[in-house]
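Structure, as structure tokens:
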Amino acid sequence: MTTQTSRWQRALRGWFDPRGRDAGLIAFALNRISGLALVLYLVLHLCVLSTLTHGEPAWEGFLRLAHTPLFFLLDMALFAAILYHGLNGVRVSLIGLGYGGRQQKSLFYGLAAAAVVIWGIAVWLMATV
Amino acid sequence: MTESQRPLSGNGRPGPKRPVTFRVYRSRAGSGAEPRFDTFQVDVDPRMTVLDALEDIRTGQDPTLLYRHSCHHASCGTCAMKVNHRDVLSCVTNVLELGTEVVTVEPLGVLPPISDLVVDMTPLAEQISPTGLKTLRLSEYNAKAVAPEGVGAYHRFENCIECGACVSACPITNTDSDFLGPAALAATYRALLKGDTLPEKLYALADCEHGAWRCHTGWECTSVCPSDVDPAGLLTALRRRVLVQKVRRLFGIGG
Amino acid sequence: MQNAVERGGSRGGTWPLQAISGIVLLFLLGLHVIAQHFVAAEGMRNFQDVLSYIRNPLILVLEVVFLVVVTYHAMLGVRGVVADLGLTRQQENTVNVVLTLVGVVLVAWGVYLAWFLVARA
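Here it is in structure tokens:
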């Protein structure tokens, strides 16, 4: 309803500006960001898998890329996005139907902590394999 | 009061005043001038609220400052605004407890700005009105009360004081002007519980793309509500009811 | 300003499907990630590993189901983000059509890849 700001400016300010906002908005914003990142990843993933249609050498080429440190970092970022989005998604499903609303903040902190722990384990496993 | 509205500084005793800078949003409808922030210095007493400071500014520094106020004790919902980017009732927001040397004061978001800290509350009323929520409810106190002769039961006002803080804080109302918003949806659920309005009408209000389903459980509304309405809790309970209704209808069970 | 009820129609309710598909994905995606990164040696399947993996009938079915569910959840998610921007009915309909097409293309692409690996590689 404001006149001068565009839809996109209002979206950025309304959805992602953490000033004066509480944990619930942070949870929502991170869910949205991780979700959008994962959609992009889905498309990227299908592109990468398409190299399989060019035979073994093409795939081996990709595997070489997959063992570089940069790729490892991106992979870990991907895991973080998946873990956060998945665990917070469970929270959203619960509180979205009116279950556990009063505990929504603790639920957020708890699940975020769980995501970090599981992520740490995944990083360690991937790094030592 | 919810935890977001802390009481005035503990013992209410006066103490040494401290200088605080206020950055106040200024605008004038119809003037064509760009909105701006004016800076004011106020010597703040530990008991002072943001509303007290605004009064100080208006009487002592700039009589053109516009803001709304009425009861000064969190009952009327008139003085809601953004203080340090958070939607609060300025009459119960203690300045020094904010803990910042500069206090930023802006009007509520989402609702159409009029001038300075005054916004147009009409859209909020237009959203809540169709729910037909009656402002009186039976008091929970009745269970323990021994009513005197001639008194049937005690009633009290619904929690919602229609201050607009929740609408301003919600991430979705900021971009989707069709979204009914937390206040109206909370009222919808209350009306359903009390039987103030035909259920079919309330389900129609809630069960549309820009009704209860547009909520993303940011929970900002409940967080900023100064009156313990818990709009997020009511809205999500309403969703559950709507879902149960839909499932019932799908399987042809009564209700 | 026409309010939501005046615009008519009960077009709400994809949220429960979003939630359900999300819960299902917890399992399907979990399985998928574990199978791809924590089973094979060196954490990644080589070409022959990929072929033997996808040629297992049960796995093929699971992976296709996974693809459909994840694309559905993804498209619904993007639709939600866009719907929050407060568009006109017509704009929303256009977005719905576009996202449906994108979803179909993504699923078709994935199914084609699977078919290629099973039958042609």
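Residue numbers (my numbering), protein chains in the order written: chain A, 2 to 130; chain B, 355 to 609; chain C, 100 to 220. Backbone N, C-alpha and C fix where the C-beta goes; we use that ideal spot for every residue, glycine too. Note that this is a predicted model, so its numbers are computed, not measured.
Asked, Found
"Could you check what DSSP says for residue 442(B) in three-state terms: helix, strand or coil?", "strand"
"Leaving out five residues on either side along the sequence, give the residues of the same chain with a beta carbon under 7 Å from the beta carbon of residue 357(B).", "Here residue 357(B) scores only 45 on pLDDT, less than 50, and its place in the model should not be relied on; the value that follows carries that caveat. Nothing listed; no residue qualifies."
"Find the nearest neighbour of residue 475(B) within the set 586(B), 463(B), 485(B) and 484(B), judged by alpha-carbon distance.", "463(B)"
"What residue does the beta strand (DSSP E) around residue 395(B) start on, and which one ends it?", "390 to 398"
"Would you mind telling me which residues of chain C sit closer than 7 Å to residue 526(B), beta carbon to beta carbon, in chain order?", "183"
"Comparing the C-beta of residue 97(A) with each C-beta of chain B, is any distance below 8 Å?", "yes"
"Which first and last residues belong to the alpha helix (DSSP H) in which residue 210(C) is found?", "188 to 214"
"Does residue 402(B) come out as helix, strand or coil in the three-state DSSP assignment?", "coil"
"Just to confirm the assignment, what range does the beta strand (DSSP E) spanning residue 460(B) have?", "456 to 460"
"Is residue 147(C) buried or exposed, if buried means 16 or more other CB atoms sit within 10 Å of its CB?", "exposed"
"Kindly confirm or deny that the segment 589 to 602 of chain B and the segment 565 to 576 of chain B touch, where touching means at least three C-beta pairs closer than 8 Å.", "yes"
"Which residue wins for smallest C-alpha separation from residue 569(B), given the options 504(B), 529(B), 546(B) and 439(B)?", "529(B)"
"Only counting runs of 3 or more residues, tell me where the beta strand (DSSP E) segments fall wholly within the segment 506 to 531 of chain B, in order along the chain.", "509 to 511"
"Is the Cβ-Cβ distance between residue 419(B) and residue 444(B) less than 8 Å?", "no"
"Is there at least one Cβ from chain C nearer than 8 Å to residue 429(B)'s Cβ?", "no"
"When we look at the beta-carbon of residue 25(A) and count the other beta-carbons within 10 Å, is it buried (16 or more) or exposed?", "buried"
"Just to check my reading of the structure: residue 547(B) and residue 560(B) have Cβ atoms closer than 8 Å, yes? What is that Cβ distance to the nearest angstrom?", "Their Cβ separation, rounded to whole angstroms, is 13 Å, which puts residue 547(B) and residue 560(B) out of contact at 8 Å."
"For the alpha helix (DSSP H) holding residue 469(B), just list the boundary residues, first then last.", "Taken as a continuous stretch (DSSP letters only), residue 469(B) belongs to no alpha helix (DSSP H), being part of the beta strand (DSSP E) at 467 to 469."
"What is the C-beta distance between residue 456(B) and residue 380(B), in whole angstroms, given that I count them as a contact (C-beta under 8 Å)?", "16 Å between Cβ atoms; not a contact."
"Using a Cβ cut-off of 9 Å, pull out every chain B residue sitting near residue 176(C), in sequence order please.", "Within 9 Å Cβ-Cβ: nothing; residue 176(C) doesn't reach chain B, min ~11 Å."
"Can you pull the chain B neighbours of residue 121(C), defined as C-beta to C-beta under 8 Å?", "Residues of chain B passing the Cβ test: none, with the nearest at roughly 13 Å."
"Excluding the 5 residues preceding and the 5 following residue 171(C) in the sequence, name in chain order all residues of the same chain whose CB lies nearer than 6 Å to its CB.", "120"
"Return the CA-CA distance between residue 200(C) and residue 40(A), expressed in angstroms with no decimal places.", "15 Å"
"Between residue 488(B) and the rest of its own chain, which residues show a CB-CB distance below 6 Å, the 5 nearest in sequence each way excluded?", "550"
"So residue 523(B) packs on residue 574(B), CB below 8 Å; how close in whole Å?", "4 Å"
"Within the continuous alpha helix (DSSP H) that includes residue 110(A), where are the two ends?", "105 to 129"
"Going by the DSSP bridge assignment, what does residue 375(B) pair with across the sheet?", "395(B) and 456(B)"
"Taking C-beta pairs closer than 8 Å, name the residues in chain B that residue 115(C) reaches, listed in chain order.", "597"
"Quick one, which of 178(C), 211(C) and 203(C) has its alpha-carbon nearest residue 194(C)'s?", "178(C)"
"Following the continuous beta strand (DSSP E) through residue 491(B), name the residue where it begins and the one where it ends.", "490 to 492"
"According to DSSP, is residue 603(B) part of a helix, a strand, or is it coil?", "helix"
"Which of helix, strand or coil does DSSP assign to residue 219(C)?", "helix"
"Restricting to Cα atoms, I'd like to know which of 30(A), 44(A) and 7(A) is closest to residue 204(C).", "44(A)"
"Rounding to the nearest angstrom, what Cα-Cα distance links residue 117(A) and residue 27(A) in this structure?", "16 Å"
"From what residue to what residue does the alpha helix (DSSP H) around residue 499(B) run?", "Unbroken run through residue 499(B): none, as it is neither H nor E."
"With a threshold of 16 other CB atoms inside 10 Å of the CB of residue 447(B), please say whether the residue is buried or exposed.", "buried"
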